[in-house]
Structures are given as C-alpha cells and as structure tokens.
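Residue numbers (our numbering): 1271 to 1308.
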C-alpha cells in the first residue's frame, strides 16, 4: 500500500480497497452493458 505520509495507514488501506472494489464493479458493469449492446 502506498502511504502519503498519513498517520493512519489502515484508513488509507480501506480507501484503496474500496476504490479497487468500486472500479472492479464499474468495469464489470460497463463490460456487461457493452456486450449487451451488441
């Protein structure tokens, strides 16, 4: 995990985890919508 000088790296880890999961679901949803359009 990349720490930008924050005193609480666990909070940054949670933010990164949420961001990764959100991007994953957005990517899956976009891919399914793109395939359904065809």
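Ideal Cβ positions, reconstructed from N, Cα and C, are used throughout, including at glycine.
Would you report the Cα separation of residue i and residue j, rounded to the nearest angstrom?
i, j, result
"residue 1300", "residue 1286", "21 Å"
"residue 1294", "residue 1283", "16 Å"
"residue 1292", "residue 1302", "15 Å"
"residue 1290", "residue 1306", "24 Å"
"residue 1288", "residue 1304", "24 Å"
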